[in-house]
Amino acid sequence: MIQIDFGTVITSAITAVFFTGGTNYVLQKKNRKGNEIFTKGYILIDEIYNINNKRIETAAAFVPFYNHPEGYLEKLHTDYFKELSAFELIVKKFSILFDKELNIKLQEYINYLREVEVALRGFMNDDPIIEVNFNQEYIERLIDEITNLIKKHI
């Protein structure tokens with residue numbers, strides 16, 4: 000007659016479930032991190048193009064014309080500043096996922112975006128000289144470098 004020790008069977012079952020579940024957890028965590036970098040990378044690329052379009056739209060609205068109403072300039076400044084702040088927040092959240100070279104390029108891009116905000120503030124304060132960089136070749140090269148670096152991480 001065969002005797003079955005239920006204590007041993009239960010212990011073996013718990014051990015098997017624990018180790019199988021632990022292995023799955025480790026693999027899922029690794030895959031989740033890869034998926035997170037992939038997703039956040041493409042979110043950041045979309046945000047880069049969106050904020051660049053907002054920069055062009057904002058700069059085009061105030062540069063060629065003079066004598067804008069004060070309320071219009073303040074609204075333009077507030078809207079652009081909110082967009083820029085949101086973009087900077089996204090970059091800061093994702094910066095831990097990327098290397099130093101990409102973070103330097105992103106900071107250079109943020110400085111480029113900030114030029115319009117500074118120029119708009121100067122325009123509102125009636126500064127005689129306002130400088131805004133509209134070098135399309137430069138910004139396209141910078142955006143291409145950033146997107147290529149992000150895609151390399153993905």
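Each residue of the sequence shown is one higher than the one before, counting from 0 in numbering that gives the first Met the number 0.
From the three backbone atoms N, C-alpha and C, an ideal C-beta is built for every residue, glycine too.
Item to check | Environment of Tyr48 [buried if 16+ CB atoms lie within 10 Å] | outcome: Numbered from 1 along the sequence shown, position 49 holds the residue referred to as residue 48. Flag for Tyr48 reads exposed.
Checklist entry - Ends of the alpha helix (DSSP H) at Ser84? => result Residue mapping note: residue 84 aligns to position 85 of the sequence shown, counting from 1. Ser84 -> alpha helix (DSSP H) spans Glu69 to Phe93.
Item to check | Beta-carbon spacing of Phe86, Ile142 below 8 angstroms | outcome: The sequence position of residue 86 within the sequence shown is 87, counting from 1. The sequence position of residue 142 within the sequence shown is 143, counting from 1. No; because the gap between Cβ atoms is not below 8 angstroms, this pair is not in contact.
Item to check | Segment contact, 8 angstroms Cβ cut-off, at least three pairs: the region 91-103 with the region 114-131 | outcome: no
Checklist entry - Less than 8 angstroms separating the beta-carbons of Phe122 and Leu72? => result By 1-based counting over the sequence shown, the position of residue 122 is 123. By 1-based counting over the sequence shown, the position of residue 72 is 73. Yes, Cβ-Cβ distance for Phe122 and Leu72 is below 8 angstroms.
Next on the checklist: Does Val131 come out as helix, strand or coil in the three-state DSSP assignment?
Outcome noted: In the sequence shown, residue 131 corresponds to position 132, counting from 1. Of the three classes helix, strand and coil, the one that applies to Val131 here is coil, per DSSP.
Next on the checklist: Just to confirm the assignment, what range does the alpha helix (DSSP H) spanning Phe97 have?
Outcome noted: As a working note, residue 97 is residue 98 in the sequence shown. Phe97 -> no alpha helix (DSSP H), and no H or E assigned at all.
Next on the checklist: Check this for me: beta carbons of Leu119 and Leu83, under 8 angstroms apart or not?
Outcome noted: For the purposes of this step, residue 119 is taken as residue 120 along the sequence shown, with counting starting at 1. For the purposes of this step, residue 83 is taken as residue 84 along the sequence shown, with counting starting at 1. No, these two residues do not count as a Cβ contact at 8 angstroms.
Checklist entry - If you compare alpha carbons, which of Gly40, Ile9 and Ser11 is closest to Leu101? => result Counted from its first residue, the sequence shown places residue 101 at position 102. With distances taken between Cα atoms, Leu101 lies closest to Gly40.
Checklist entry - Which word fits Ile153, buried or exposed, when buried means at least 16 other C-beta atoms lie within 10 angstroms of its C-beta? => result In the sequence shown, residue 153 corresponds to position 154, counting from 1. Exposed: under 16 other Cβ atoms inside 10 Å.
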